[in-house]
Amino acid sequence: MPRELSPSELESFRSLGWAGVTPMLSPTVRRALDRVLETQNGGTLSLDECFTLAHSTGDDLLGLLVAADLLRSELAGNLVTYVVNRNINFTNVCFVGCKFCAFSRGPRESDSYFLSLEEVARKSVEAWQLGATEVCIQGGLPHGLPPFYYRDILRAVKNAVPGMHIHAFSPMEIVYGVELTGMPLADYLSMLRDNGLGTLPGTAAEILDDEVRMVLSRNKLSTAQWIEVIRTAHRCGIRTTSTMMYGHMETPAHWVRQMLLIREMQQDTGGFTEFVPLGFVHQNTLLFQQGLARSGPTLAEHLKVHALARILLAGSINNIQVSWVKLNRKLSQLCLHAGANDYGGTLMEENISREAGATAGQYTSPEDFQSLILEIGRIPAERNTSYSRINIKVPLEQFTAEVGLEPEFA
Ligand code: SF4
C-alpha cells in the first residue's frame, strides 16, 4: 500500500522546502516527471500520464511536489509576488443561486446591500491612498440592474482615480451585461475596455464540465459560454486570470481536463496572466449541507492541485497563485513549496470567502506578506496586475540576515 503524507510530515517541510526528500517513485511517474523537468513543458505529457499524476499518492505524490517546486524555481525563480489591491463586492444581491455560494442574498434580506457608484469610487480613492494599484470589482447579479451599470462603475472609478488598474467583472457578469444591453459580446467587451476595464477575472469557471455545473449552479453560464467570453476578451486585448474550484464533487480527471483546456486556450491567445486554484470553502453552503459535496479539499489535494498546475501548465502559464483567503497562512506557505509563485492580492476587504466560512481573514498587509514570504526563504516582490512591473521589497542584506541564506535569482 502506498503510504499517505501525514500533516506533521508536511508541516515539517513547510519552512524547509523539499530539500533532501528522495521519494521512491513508480516508473511511470518517474518517466513523466523527468520528461517535464527536462523539457520544462507540460505539453510533453500524454493524457494518461496527466491522469496518473493527478491520482498520485504517497511517494509518487511527494515526487510530484518535489518536481513542481523544482520547476517553479527554474521557471519563476525565488521571488514570491503579490499585488496590493482592494476587493470591492458592490452588491451581494444575486438571482443566480449557485449552491457553493454563501455570499449572495435576496433583495429583501436584512443584510443585503448595494453600493452606490459614489461609494465604489470612494473606496477606490481610499485604496489608492493606501498604496493599492488595483481594485478587483465583482458582485452578485441583481434583477433590474441598469443596462450600462458595469460601464458606469468603470467610469466612476476612473474619474476618481485615473491611475488605478480595474480588474473587474466575472464572465457571468459579462454575459449578464450583454443580455442587459443587447450588444454583441465583442462590442460590449470593447466598450468596457474603452471605459477603463484593465483585466477580467477568470472566475465563474468552477469546474468547466456541464454535468458538474448543472449541480453546482444550473443558472450559471455554460462551459462554452465561459470559453467564448474569455477568448473574446483576449481577442479584444483584455487579459484575464484563469481559475478552478476544487474540493467539492469533482474528480482528479476534471482537474486534468480543465488545466489542459486552459493550456490549449493559452496557446491560441496568450491572454492568461495566471492560474488560480480556488479551494472550496464548504461550511455555509447548500452544496455541502445537501450532501452533494465533500467537506472541502484535503491537505494532500490542496498541494496536489497546485503542483499539478505547475507541471501541466509548464511552458504555457508561468504564474501559479495561492488564494490565501481560502487557505490558512501555513497552508498557503506550503502551497508555495508545491509549485506556486504568487500570493495574489492583499485584498483590503474580502467578503465572499468569509461568508462561506473561510477563516484566513479579510486583509493581509504588504508587511505581513513580506514576513510570510521571508519565513519560507523566498524573496517578496510587489507586482502590478499583469506582472509587467515587479518591485523587490527587501534589501538583499536583510534577506540574508532574516533567512540565513543567500538568495538565488533565476
Ligand atoms: S457565486 Fe456569484 S453568481 Fe453565483 S450566487 Fe454567488 S454571487 Fe451569485
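Following numbering that gives the first Met the number 0, the numbering of the sequence shown begins with 0 at its first residue and continues without gaps. All C-beta atoms in this analysis are idealised placements derived from N, C-alpha and C, irrespective of residue type, glycine included.
For LEU199, the closest of GLY270, MET243, ARG256 and TYR245 by C-alpha to C-alpha distance is GLY270. Look at which beta carbons fall closer than 5 Å to any heavy atom of the ligand SF4; those residues are CYS93, VAL95, CYS97, CYS100, SER103 and GLY139. For SER241, the enclosing beta strand (DSSP E) has its first and last residue at 238–245.
In the structure shown, THR27 falls within a helical segment according to DSSP collapsed to helix, strand and coil.
Distance between THR90 and ARG104, taken at the CA atoms: about 9 Å. Straight through space, the alpha carbons of CYS235 and GLY278 are spaced by roughly 30 Å.
DSSP places VAL324 outside both helix and strand once states are collapsed to three, so it counts as coil.
As for any beta strand (DSSP E) of minimum length 3 sitting wholly inside the segment 117–149, the runs are 133–137, ordered along the chain. Close CB contacts of LEU78 within its chain, under the 6 Å cut and outside five residues either way in sequence, are with ILE378 and ALA380 (chain order).
Counting along the chain, the unbroken beta strand (DSSP E) around ARG382 starts and ends at 378–382. For ASN88, the pairing in a beta bridge is given by DSSP as GLN137. Rounded to whole angstroms, the Cβ separation of ASN318 and GLU273 is 4 Å, and the two are in contact under 8 Å. ALA75 carries a helical assignment under DSSP once its states are collapsed to helix, strand and coil. Contact annotation: the segment 300–309 touches the segment 323–342, with at least three C-beta pairs closer than 8 Å.
Taking a contact as a CB-CB distance under 8 Å, the pair ILE165 and VAL174 does not count as one, their CB atoms being some 19 Å apart. Taking all protein chains in view, the Cβ of HIS142 is surrounded by fewer than 16 other Cβ atoms within 10 Å, so the residue is classified as exposed. Between the beta-carbon of LEU302 and that of LEU333 there is about 6 Å, and that keeps the pair under the 8 Å contact cut.
Around the Cβ of ILE389, a 10 Å sphere holds fewer than 16 other Cβ atoms; the residue is exposed.
Of the candidates LEU144, ASN88, ASN158 and PHE147, the residue whose Cα lies closest to the Cα of VAL124 is ASN158. HIS166: member of the beta strand (DSSP E) spanning 164–167, first to last residue. In this structure, the beta-carbon distance from TYR245 to PRO296 falls below 7 Å. Its Cα nearest to that of ASN88, the residue PHE168 stands out among ARG192, MET163, SER109 and PHE168. Going by C-alpha positions, ILE372 is about 26 Å away from MET258. Annotation for PRO146: LEU179 and THR180 place their beta carbon closer than 6 Å to its own, counting only its chain and skipping 5 residues before and after. Between ALA313 and LEU70, the beta carbon gap of about 6 Å places them in contact (Cβ cut-off 8 Å). Between LEU220 and MET171 a beta carbon distance of about 5 Å is seen, short of the 8 Å cut, so the two are scored as contacting. Assignment of GLU48 by DSSP, reduced to helix, strand and coil, places it in the helix class. For LEU191, the enclosing alpha helix (DSSP H) stretches over residues 184–193. Looking from the CA of ASN283, the closest CA among VAL95, LEU24, PHE99 and GLU227 belongs to PHE99. When DSSP states are grouped into helix, strand and coil, GLY343 belongs to the strand group. Here VAL393 carries a coil assignment [DSSP, helix/strand/coil].
Rounded to the nearest whole angstrom, the CA to CA distance from LEU207 to GLY96 is 18 Å. The secondary-structure analysis by DSSP pairs PRO276 across a beta bridge with MET243. Residue environment for GLN320: buried (at least 16 other C-beta atoms within 10 angstroms of its C-beta). Closest by C-alpha distance to ALA31, out of PRO22, GLY130 and LEU52, is LEU52. The three-state secondary structure of TYR175, taken from DSSP, is helix.
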